[in-house]
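>
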Amino acid sequence: MNFCLRLVCLLTASLMATHALSQDLSGWSDKTLCRLASSQQDDPQYLQEATERGISCGSGVAKKQSSNSKAGNVKAKDINFPGKFYTTEIKSCKAMAGSPTFNEAPSLLRVKGLVGYDWHADWKANSVSISPQTENISEPIKVFMAATQNAIGNDNQANIKTAKNLLIDLAKADTLYDSIGYHDVKKKPLCYANGDPNSPCWFHQYSFASDVFAHYMITALWLKDELNEQEFKVVDQYMKKMYKKFLQPKEFQKEGQGFYGMANGGLSILIYASWTNNKKLAAKEMNFRFKEMDRLFYEDGYINNNSFRGTKALWYHSMGLNVALSYAYIADLWGAEVPTKLQTKLVRASKVTNLAITDWDTFTSRKYSGTQHNKISSKDSARLHTNNFTFALGRLMKIVTNVELEHDAVYLQKRKYRMKFGIDETIGFNPNCTDKALAADNSPEELAKKEAKQIEATSQLSIFKIEGETLNLALDKADFIEVRPFVLERSEEYLQPYQLHKSKIQGSLRLGGNKKISFSTLVFKQAGDQEQRLVINVDSRSLQPFKRHSDSLQKKCGKGLMEWGWLSFISETNDIENAKNQQCHYDYFKDANDKPAWELFQTVLGGTDSILGYLQTNVER
0 MNFCLRLVCL
10 LTASLMATHA
20 LSQDLSGWSD
30 KTLCRLASSQ
40 QDDPQYLQEA
50 TERGISCGSG
60 VAKKQSSNSK
70 AGNVKAKDIN
80 FPGKFYTTEI
90 KSCKAMAGSP
100 TFNEAPSLLR
110 VKGLVGYDWH
120 ADWKANSVSI
130 SPQTENISEP
140 IKVFMAATQN
150 AIGNDNQANI
160 KTAKNLLIDL
170 AKADTLYDSI
180 GYHDVKKKPL
190 CYANGDPNSP
200 CWFHQYSFAS
210 DVFAHYMITA
220 LWLKDELNEQ
230 EFKVVDQYMK
240 KMYKKFLQPK
250 EFQKEGQGFY
260 GMANGGLSIL
270 IYASWTNNKK
280 LAAKEMNFRF
290 KEMDRLFYED
300 GYINNNSFRG
310 TKALWYHSMG
320 LNVALSYAYI
330 ADLWGAEVPT
340 KLQTKLVRAS
350 KVTNLAITDW
360 DTFTSRKYSG
370 TQHNKISSKD
380 SARLHTNNFT
390 FALGRLMKIV
400 TNVELEHDAV
410 YLQKRKYRMK
420 FGIDETIGFN
430 PNCTDKALAA
440 DNSPEELAKK
450 EAKQIEATSQ
460 LSIFKIEGET
470 LNLALDKADF
480 IEVRPFVLER
490 SEEYLQPYQL
500 HKSKIQGSLR
510 LGGNKKISFS
520 TLVFKQAGDQ
530 EQRLVINVDS
540 RSLQPFKRHS
550 DSLQKKCGKG
560 LMEWGWLSFI
570 SETNDIENAK
580 NQQCHYDYFK
590 DANDKPAWEL
600 FQTVLGGTDS
610 ILGYLQTNVE
620 R
């Protein structure tokens, strides 16, 4: 009888397998779960549930993982430094397309502006608790990192030399050393003092200087093999004094609340350990940080402080998750094993992110018993979307927890700006350029998906023709005719790293016959080798037809190609989404019942290559 009952139960479980996706798996036995995970390997839900339970399912057999269920088991002998922080080798990476290179003058100027920069004075004049203004240090270091990675990945020796020289110049100038250190910041008032969002936040001055230094160390790791003995000495001495002031006092010190940039300094300590080849320091840091993460990440996936910051709760929760996933990835890459309990919490924290995206009210209904001096209630400061600085969060979630990030339209739009820099400043690298990410992108399955997606997308693109992986504009060409010499923008203040050949041009566009359209405005080429994108300012009198359509155009097509008075025109791209956005603009003006605007749009789009060629020729001349 017992045998028959077991047989019936087994058959019932088999019949239920097809419905598992819609059911709670918590009541299933480990044995049944692993049998399903083995037989339905294309279904990630079973493996995900196994991860949460702390079991492995080799050959369909459930076994408790022999791993460290508790933190504190990483040994120095476990550590193998990969040499380049997040990888063993810097490779050419498509995810860096459009990011800064040293071939572009604005990028070089941006980094040079960081040498010896007075961050203390900048912070004092411009930053408050609710709004730290960090662009003058955080953006140059990202440009430096991206341009260096591109130089190494593309084996551009001239640019590698430029990167090395900048590395040395930053060290010689003791850049950021005069910023407030760890000991002194502890004596200052907390951010949001007395609940005032406009109060000074001394911690911001310290933390951003510390993070920029960490990014400097990463870049130094990448360039370490390029340094001769004297050059190494200069860089090493600078790093030792910076580490002593900003990071060493923070070693193994608990943060009162929250989990933020660079793993509350943990990633920075790991980087220094790699630079000094100190495996004991790396192991000790990991053991400490795992305990801290276990303390700060709750059983249900919420994060101490981060997940309870009012109208920015998702913003800070996703930041904390992104940093934690990055730390787990680095630890695994270096030879350490992430504790099972912590891994479970990271899976649940990933699901909480998705909950916040899909059901804000339920997400924010979770009560918090801790002190929350930095909770934000103002609707004006609200950010109800995933943190757009973490532009590859979905990739890290997939790699580390096997959880898919839910669709967040606002996040997907806003992250595009951060992606231009190529580096996630909260962790110091681009997760899309990791070995695991590159391997996944180049797998037969993924390549087949991309091809199918491309074929489907291009069938809807009437203005483009596909050549290999490149989409080229298939419209009549217009010629740009100069009326007055252009004026190249040379002021660093008004240049961004992605603005190449920025200048005021004055002339006309001719599209067939003798008909000409006046065209005089401020323009630039969007930086990047894999796209021909002209960006124009629509405030000019000759471009008023564009300006009167700006609101309705953004409403229909989004802000991908039009924002802050700038309108983009693409003649060549490898990005399907950008091509679709350009097609949307074309269709909008075609159907707008505004003949002047439609004629102007066709002419400028058709003249994109001519204008870009004109800019390039004049800059070289």
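Each residue of the sequence shown is one higher than the one before, counting from 0 in numbering that gives the first Met the number 0.
C-beta: ideal position from N, C-alpha, C; glycine also.
Spell out the partners DSSP gives M216 in its beta bridges.
Paired residues: none, contrary to the question.
> Closest by CA to S490, which one among Q498, P484 and R483?
Of the listed residues, the one whose Cα sits closest to S490 is Q498.
> On the three-state DSSP scale, how would you describe P131?
The answer is coil: DSSP assigns P131 none of H, G, I, E or B.
> State the Cα-Cα distance for the pair N158 and F101, rounded to the nearest angstrom.
Their Cα atoms are separated by approximately 6 angstroms.
> Given Q247, which residues of its chain have a CB within under 7 angstroms of its CB, disregarding the five upstream and five downstream residues?
Closer than 7 angstroms at Cβ, skipping near neighbours: no residue.
> To the nearest angstrom, how far is it from the Cα of V60 to the Cα of E562?
Bear in mind that a pLDDT of 49 at V60, under 50, signals an unreliable position, so the model cannot answer this.
> Could you give the DSSP three-state label for E336: helix, strand or coil?
Residue state, collapsed to three classes: coil.
> Please report the Cβ distance between S380 and T310, rounded to the nearest whole angstrom; I am assuming they are in contact, meaning their Cβ atoms lie under 8 angstroms.
S380 to T310, Cβ: 6 angstroms. Contact.
> Which first and last residues belong to the beta strand (DSSP E) in which H500 is found?
Run containing H500: Q498 to R509, per the beta strand (DSSP E) assignment.
> Could you check whether V73 and A312 sit closer than 7 angstroms to each other, using their CB atoms as the reference points?
Going by C-beta atoms, A312 is not nearer than 7 angstroms to V73.
> Taking buried to mean at least 16 other C-beta atoms within 10 Å of its own C-beta, is L109 buried or exposed?
This sequence places Arg at residue 109; Leu is not what is there. Per the 10 Å Cβ criterion, buried.
> With C-beta atoms as the reference, is L508 less than 7 angstroms away from G393?
For L508 and G393, no; Cβs fall outside 7 angstroms.
> If you pair each beta-carbon of the region 203 to 220 with each one of the region 253 to 268, do three or more pairs fall below 8 angstroms?
At 8 angstroms Cβ cutoff, the stretches touch.
> So if DSSP puts D423 in a beta bridge, which residue, or which two residues, is it bridged to?
D423 is bridged to F428.
> Is there contact between the region 577 to 592 and the region 457 to 470, where contact requires at least three CB pairs shorter than 8 angstroms?
At 8 angstroms Cβ cutoff, the stretches touch.
> Would you report the Cα separation of A473 and T361, rounded to the nearest angstrom?
Straight-line Cα distance between these residues: approximately 49 angstroms.
> What number of angstroms, rounded off, separates the C-alpha of P188 from the C-alpha of S130?
Each residue's alpha carbon lies about 17 angstroms from the other.
> Kindly indicate the opening and closing residues of the beta strand (DSSP E) around V534.
Per DSSP, V534 belongs to the beta strand (DSSP E) from E530 to N536.
> Does the Cβ-Cβ distance between T433 and L345 come in under 7 angstroms?
The answer is no: Cβ separation not under 7 angstroms.
> Please report the distance separating the alpha-carbon of Y493 from that of A146.
Cα to Cα, Y493 sits roughly 20 angstroms from A146.
> Would D407 pass as a contact of T389 if the rule is Cβ separation under 7 angstroms?
No; because the gap between Cβ atoms is not below 7 angstroms, this pair is not in contact.
> Could you tell me if R540 is buried or exposed, where buried requires 16 or more neighbouring beta carbons within 10 angstroms of its beta carbon?
Flag for R540 reads exposed.
> May I ask you to report which of helix, strand or coil DSSP gives G309?
Looking at G309 - three-state DSSP - the assignment turns out to be strand.
> According to DSSP, simplified to helix, strand and coil, what is L107?
Three-state result, L107: helix.
> What are the uninterrupted segments assigned as alpha helix (DSSP H) that are 4 or more residues long and contained completely in the region 246 to 305, given in chain order?
Listed in chain order, they are 260 to 263, 265 to 275 and 278 to 295.
> In this structure, how does DSSP classify K374 when only helix, strand and coil are distinguished?
The answer is coil: DSSP assigns K374 none of H, G, I, E or B.
> Leaving out five residues before and five after F428 in sequence, what residues of the same chain have Cβ atoms less than 6 angstroms from its Cβ?
Taken in chain order, the residues that qualify are Y85.
> Under three-state DSSP, which class holds Q525?
DSSP places Q525 in strand when its eight states are reduced to three.
> Would DSSP call K62 helix, strand or coil?
Low per-residue confidence applies at K62: pLDDT is 49, beneath 50, and the placement is therefore not dependable, though the value from the model is reported in the following sentence. DSSP places K62 in strand when its eight states are reduced to three.
> What residues match up with M396 in a beta bridge as DSSP calls it?
For M396, which the question treats as bridged, DSSP gives no partner whatsoever.
> Considering only residues of the region 467 to 500, which uninterrupted beta strand (DSSP E) runs meet the minimum length of 3 residues and lie entirely inside it, listed in chain order?
Listed in chain order, they are 469 to 472 and 478 to 487.
> Tell me E571's beta-bridge partners as DSSP assigns them.
DSSP lists N471 and Q531 as partners of E571.
> Where does E598 sit, in a helix, a strand or coil, going by DSSP?
Helix.
> Under 8 angstroms Cβ to Cβ from V402, same chain only, skipping five residues before and after it: list those, please.
Excluding positions up to five away in sequence, the list reads Q47, V346, S349, K350, N353 and M396.
> In its own chain, which residues sit with a C-beta less than 6 angstroms from the C-beta of E228, not counting the 5 before and 5 after it?
So the list is empty, once near-sequence residues are dropped.
> Which term fits E530, buried or exposed, when burial requires 16 or more other beta carbons within 10 angstroms of its beta carbon?
Result: buried.
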